[in-house]
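Colleague: When you line the sequence shown up against this note's numbering, it's residues 12 to 776, in that order.
Think of the CB as a built atom: it goes at the ideal place given N, C-alpha and C, for glycine as much as any other residue.
The structure follows.
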Amino acid sequence: MFPALETELKQETLPDPYEDFMHHHLQYYGYFKDSLMLSSPLLRSRQLLYDEFNEVNPRLREPRELLFFSNRGLLQTPRWPIECEVIKENIRHIVPTEGTYFTSSRMGGKQGSIKELAVTLQGPEDNTLLFESRFESGNLQKAVRVGAYEYELTLRTDLYTAKHTQWFYFRVQNTRKDVTYRFTIVNFLKPKSLYAVGMKPLMYSQLDATTYHIGWRREGHEIKYYKSNMDDGQQPLYCLTWTIQFPHDQDTCFFAHFYPYTYTDLQYYLLSVANNSIQSQFCKLRALCRSLAGNTVYLLTITNPSRSPQEAAAKKAVVLSARVHPGESNGSWIMQGFLDFILSNSPDAQLLRDIFVFKVIPMLNPDGVVVGNYRCSLAGRDLNRHYKTILKDSFPCIWYTKNMIKRLLEEREVLLYCDFHGHSRKNNIFLYGCNSNSRKHWLHERVFPLMLSKNAPDKFSFNSCNFKVQKCKEGTGRVVMWRMGILNSYTMESTFGGSTLGSKRDTHFTIEDLKSLGYHVCDTLLDFCDPDQTKFAQCLQELKELLQQEIHKKFNNLGQTMDLEGCWDDIPLSDIESSTSGSDSSLSDGLPVHLLNIADELNQKTMLLKKPKKKRLQTRKQRNEKYQKNYLMRELKLREDAPGRIKFASTLQKQPTSLKNPENSNSSIKRNEKPRLTEAQLSGRAKGTSLDQPLISLVLPKSKERVQSKKPGFTASCSPKRSTDSSLGSPPDVKPNWPRNRYPATRRDRATMAVYPSLHIYTYP
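Written out as structure tokens, the structure reads:
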């Protein structure tokens, strides 16, 4: 098959002294134990396959799994910066020491003796509380006793920064029952918080968990969020205070800003998927890259095996990610709900795997999660402001994610990108998107969020969605992916608090609520890609009506009237929407000083390497065809222009005064112009509905159309989605009505949503 290669393999070569030395050296350390390898005059590639006659087969081996799994333990032990102490207990602990930048890491963090607790109990009657946060995702810098049962707590800022105090997670021991304690966190930096409107901290009791199977629950009374009289010299500080009564004496309790989800929790979940013989067939787990500390950033590729290369190439892609901000554990619970459903044997999950390739990065910032940061990585920067970075070594997680999506876009169309986040100042769940500049896809980007609000009406708020692209958000994943060509590019914001909608009104979100939203994302994908476009057209019409109402409201607030018939769709959407001032995001700090010069040098090299590429014609036939086409076009243009030039010249001679009255022409132009709103007129934020982002062609093949049940909320006739088989149970929550006509195609049974336990018991490694 390859005579040249076969001849080369059969040639006898003289032994090279250096190669002979290296063979013996490597053999001493356990390499080249295969006698066939040693006897071969040339080392054969282990990538090429050899047949039974020892001839080269022109095929490559299947790529090896990059990760090896074992039932005996974790995929990888989490790594901490070497400045951090780790206590060897069931719960891993961490505390930072002074330092200005990240140096290196090791499993277990700092070596040597561990600092003893600052307080030593004097006896069984000593009721002093013992605080600890040197475990994975823990965050508490200092606790000061200011009264018999009152403590002031100081949170640690994100490592190598002087800000971002929001996430807290710590342990309390030596508790007393029927005693009212007061805790006050004294160094919050945000002027507004959901704690001021009813949100409560989370508490976990180990005795309740082991005895009564009770997990995390909302606790606290006399909760207040207020401005402190002291500041840190740069910006004002804010305090959170609450009272609590512990349920047991001598209990071990934990407090947290939200339900914790650690890097170890993720690895246990991925280990269960890898060891599942069915799920591992359509879910491939790879290492996308290593973080600065050496923790693995995992990439999951989820799709059913295709029957042909054509079928595989026809699949579109969906990209989902979470935890770029480590303190927003909401994203991990939504991601786990999504994975629970998409990896299930539900007919709808199988259908989604048939028509899509899912690329999932469940934890983008494992370093920040491990050390208990709220927003930053170990580079001391917000990764969601650096998606345009060219510094691979400083921001590896973001650099490799962006390049993975670039390669994916070269292979296939990416239908949707969504990054899961948490929000500390707004209730409900909502999306931030990007307004489409294309008239063809006008308002299409808003269809998916509107559908999601109809599928989860008691959790998802379409009115809270925003689609304005601000300059300060140019480095976010949402905007960068949109500019790369993903029209449906979103940031999903999930509140730390609860819902103000429907049956969930005035309640805190639970883990089950967040997991169910992961199911609703899958459900809405099927609605979005339904081959019957009735649902899509109905949503689009509803969006146009909402936009008209929004514009009328703007003019009414200004005391003006405007007839929008036939011209309202030309008003820029950016003029109607205000900025995402309610966003929980922060401004970018820019690059660290020691990286500025490196970035400048790389930018200069990139500009020099980028030269305009001309498309070269490969054959003489192509060159001749292009020449003939250009020649014919020139001839045709000259023939068309010749009589016009003569007529125009004669007109100028006969009527030289025809252009002396420009008022008439200007007035006619003005009559044809369509009115547009100015930025000054539309500067106010509309409190009504806001609108969403671009659409793509529907991708569900006719042979695999779904049969759906009715959902309340739509009046137009829509095609069915699934059959309503009562034996399969109903999906979570009340779903809006999508009236449909029956498909004349293959029916799929109604998918059952995984039933989650009413209480979550958090277990520690």
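DSSP state of histidine 563, grouped into three classes?
Modeller: Helix.
Colleague: Mind checking who leucine 310 pairs with in its DSSP beta bridge?
Modeller: In the DSSP output, where bridge partners are listed per residue, leucine 310 has Arg297.
Colleague: Mapping DSSP to helix, strand and coil, what is serine 239?
Modeller: Three-state result, serine 239: strand.
Colleague: Going by C-alpha to C-alpha distance, which of Gly149, Ile255, Val368 and Leu200 sits closest to threonine 273?
Modeller: When only C-alpha atoms are compared, the closest one is Gly149.
Colleague: Grab me the residues of lysine 238's own chain with a C-beta within less than 8 Å of its C-beta, minus the 5 sequence neighbours each way, in chain order.
Modeller: Counting only Cβ-Cβ distances below 8 Å, and skipping sequence neighbours, we find Pro202, Pro247, Leu248, Tyr249 and Cys250.
Colleague: Label glycine 433 either buried or exposed according to how many other C-beta atoms from any shown protein chain fall within 10 Å of its C-beta, with 16 as the threshold for buried.
Modeller: Classification of glycine 433: buried, given that the 10 Å Cβ count is 16 or more.
Colleague: When the Cα atoms are used, what is the spatial distance from phenylalanine 459 to proline 316?
Modeller: Between phenylalanine 459 and proline 316, the C-alpha separation is close to 27 Å.
Colleague: Can you tell which of Gln639, Asn567 and Cys533 has the C-alpha that lies nearest to the C-alpha of aspartate 359?
Modeller: Nearest C-alpha to aspartate 359: Cys533.
Colleague: Nearest CA to the CA of threonine 195: which residue from Leu170, Tyr236 and His397?
Modeller: The residue with the shortest Cα to Cα distance from threonine 195 is Tyr236.
Colleague: Rounded to whole angstroms, what's the CA-CA distance from glutamate 556 to proline 468? Just pull it up for me.
Modeller: Approximately 20 Å between the Cα atoms of the pair.
Colleague: Give the single residue among Gly379, Ile497 and Tyr443 whose Cα lies nearest to the Cα of isoleucine 416.
Modeller: Closest option to isoleucine 416, Cα to Cα, is Ile497.
Colleague: With three or more C-beta pairs closer than 8 Å as the rule, is the segment 376–389 touching the segment 154–164?
Modeller: These segments do not touch.
Colleague: Is isoleucine 345 helix, strand or coil when you go by DSSP?
Modeller: In this structure, isoleucine 345 counts as helix in the three-state DSSP scheme.
Colleague: Can you list, in chain order, the residues of its chain whose CB lies under 6 Å from that of proline 337, leaving out five sequence neighbours each side?
Modeller: The residues are Asn376, Gly379, Val380 and Asn384.
Colleague: If you draw a straight line from the alpha carbon of leucine 205 to that of leucine 354, how long is it in whole angstroms?
Modeller: Looking at the two C-alpha atoms, the distance is approximately 34 Å.
Colleague: Which runs of the alpha helix (DSSP H), 4 residues or longer, sit entirely within the segment 345–371?
Modeller: Within the segment 345–371, the complete alpha helix (DSSP H) runs of at least 4 residues are 358–366.
Colleague: Return yes when the Cβ of leucine 299 is within less than 8 Å of the Cβ of threonine 412, no when it is not.
Modeller: Yes, they are a contact pair.
Colleague: For a test of the three-state rule: what should DSSP assign to serine 216, helix, strand or coil?
Modeller: Note: serine 216 maps to strand in three-state DSSP.
Colleague: Determine the burial state of arginine 457: buried for a count of at least 16 other Cβ atoms within 10 Å of its Cβ, exposed for fewer.
Modeller: Buried, since its Cβ has 16 or more Cβ neighbours within 10 Å.
Colleague: Do proline 89 and glutamate 147 have their C-beta atoms closer together than 8 Å?
Modeller: Result yes, Cβ atoms of proline 89 and glutamate 147 sit closer than 8 Å.
Colleague: DSSP on phenylalanine 269, reduced to helix/strand/coil?
Modeller: Here phenylalanine 269 sits in coil by DSSP.
Colleague: The beta strand (DSSP E) spanning lysine 327 covers which residue range?
Modeller: Note, lysine 327: beta strand (DSSP E), 327–333.
Colleague: Pick out whichever of Thr535, Val197, Leu218 and Ser510 has its Cα sitting closest to the Cα of asparagine 185.
Modeller: Ranking the options by Cα distance to asparagine 185, first place goes to Leu218.
Colleague: Nearest to valine 425 by CA position, among Ser472, Val371, Leu394 and Trp453, is which residue?
Modeller: The option with the nearest alpha carbon to valine 425 is Val371.
Colleague: Which of the three DSSP states is assigned to arginine 464 in this structure?
Modeller: Checking the sequence, you will find serine at residue 464 rather than arginine. Helix, per DSSP.
Colleague: Helix, strand or coil: how does DSSP classify arginine 418 here?
Modeller: It is helical.
Colleague: What I want to know is whether the C-beta of tyrosine 398 ends up closer than 7 Å to one or more non-hydrogen atoms of the ligand COA.
Modeller: The ligand COA is absent from the structure shown, which contains no ligands of any kind.
Colleague: Quick check: what's the CA-CA separation for histidine 259 versus histidine 268?
Modeller: The straight-line gap from Cα to Cα measures roughly 22 Å.
Colleague: Considering only residues of the same chain and omitting the five flanking positions on each side of tryptophan 178, which have a CB-CB separation below 6 Å?
Modeller: Cβ within range, chain order: Asn150, His268, Gly338 and Tyr385.
Colleague: Using DSSP's beta-bridge definition, name the partner residues of alanine 175.
Modeller: First, the residue type needs correcting, since residue 175 is histidine and not alanine in the sequence shown. Answer by DSSP bridge pairing: none, since histidine 175 is not bridged.
Colleague: For leucine 164, name the three-state secondary structure that DSSP assigns.
Modeller: Looking at leucine 164 - three-state DSSP - the assignment turns out to be strand.
Colleague: Hey, out of Asn568, Phe441 and Leu463, whose CA is closest to phenylalanine 539's CA?
Modeller: The candidate whose alpha carbon is nearest that of phenylalanine 539 is Leu463.
Colleague: Tell me the start and end of each unbroken beta strand (DSSP E) in the segment 491–556 that is at least 3 residues and wholly inside, in chain order.
Modeller: DSSP runs (the beta strand (DSSP E)) wholly in the segment 491–556: 500–506.
Colleague: Label histidine 35 either buried or exposed according to how many other C-beta atoms from any shown protein chain fall within 10 Å of its C-beta, with 16 as the threshold for buried.
Modeller: Classification of histidine 35: exposed, given that the 10 Å Cβ count is below 16.
Colleague: Just the C-alpha distance for serine 435 and alanine 173, rounded to the nearest angstrom, thanks.
Modeller: So the alpha carbons of these two residues sit roughly 20 Å apart.
Colleague: Opposite alanine 159 in the DSSP bridges: which residues?
Modeller: None, per the DSSP bridge assignment.
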